[in-house]
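Working notes, beginning with the structure itself.
Here is the structure:
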């Protein structure tokens, strides 16, 4: 887990999207009715609240080869870096998740074991930091079971990414 956390912190998740010049990556617009780019994360979506994962929306150019969607939430502060949530194998036709989707994920979707060693959304607790909500459109499904190791799931997501987008909030209200 520590290796993955260090990779996230130092690369800004670039290892998820690869560095190959041969693979063109389309852009996804990511938004939320509860989150604003560069603004604080509302405390109800932190470990001080009871809301669970925040609602997310995304859109992009139609991608005929999109087979699934993945969401990766990671955090970085001066004291630690962590992956807070990985939800994968979301149906490709899905364009939003409601609040607390981690408690009731879309049918067919799976969640990885995150930095904390738990499966599902682990709300951030560090008040000062950046919290990134990244959405990936994938050319296939991640053929790994629920609760698979984080590094395995992130590698598969990186291999299958055809589009990506991110919403970043800073600090916790």
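In our numbering, the protein residues as written are -7 to 165. Built from N, CA and C at the ideal position, the CB exists for glycine as well. Computed from a prediction, not measured in an experiment: that's the story for all the values here.
Go through its chain and collect everything with a Cβ distance to residue i's Cβ below 8 Å, but skip five positions before and after it.
| i | result |
| --- | --- |
| residue 35 | 41, 164 and 165 |
| residue 195 | Past the edges of the chain, shown from -7 to 165, lies residue 195, and the structure says nothing about it. |
| residue 63 | 48, 77, 78, 79, 80, 82, 89, 125, 126, 127 and 128 |
| residue 141 | 104 and 105 |
| residue 94 | 44, 45, 77, 79, 103, 112 and 113 |
| residue 32 | 161, 162, 163, 164 and 165 |
| residue 211 | For the chain, the structure presents residues -7 to 165; residue 211 sits outside this window and is missing. |
Restricting to Cα atoms, I'd like to know which of the options is closest to residue i.
| i | options | result |
| --- | --- | --- |
| residue 119 | 20, 37 and 25 | 37 |
| residue 22 | 148, 146, 61 and 135 | 61 |
| residue 158 | 39, 16 and 51 | 51 |
| residue 72 | 18, 134 and 117 | 117 |
| residue 19 | 25, 33 and 130 | 130 |
Mind reading off the beta-carbon distance from residue i to residue j? Whole number of angstroms is fine, and I expect it under 8 Å.
| i | j | result |
| --- | --- | --- |
| residue 55 | residue 155 | 6 Å |
| residue 91 | residue 39 | Incorrect: roughly 16 Å between the Cβ atoms, too far for contact. |
Take residue i and list the residues in its own chain whose beta-carbon comes closer than 6 Å to its own, dropping the five residues that flank it on each side.
| i | result |
| --- | --- |
| residue 132 | 59 and 152 |
| residue 251 | This structure does not reach residue 251, given that the chain is present from -7 up to 165, and the question cannot be answered. |
| residue 101 | 79, 81 and 82 |
Excluding the five sequence neighbours on either side, which residues of its own chain have a C-beta within less than 7 Å of the C-beta of residue i, listed in chain order?
| i | result |
| --- | --- |
| residue 97 | 79 and 103 |
| residue 99 | none |
| residue 87 | 49, 50 and 51 |
| residue 145 | 78, 80, 104, 134 and 136 |
| residue 53 | 18 |
| residue 57 | 131 and 154 |
Next item on the list: May I ask you to verify whether the segment 114 to 128 touches the segment 52 to 70, counting CB pairs closer than 8 Å and requiring at least 3?
Entry: yes
Note to self: List, from N- to C-terminal side, the beta strand (DSSP E) runs of 3 residues or more that fit wholly inside the segment 28 to 66.
What the structure shows: 48 to 52
Notebook entry, point to check: Mind pulling the alpha helix (DSSP H) runs of 4 or more residues that sit fully within the segment 130 to 160?
Noted result: 142 to 152
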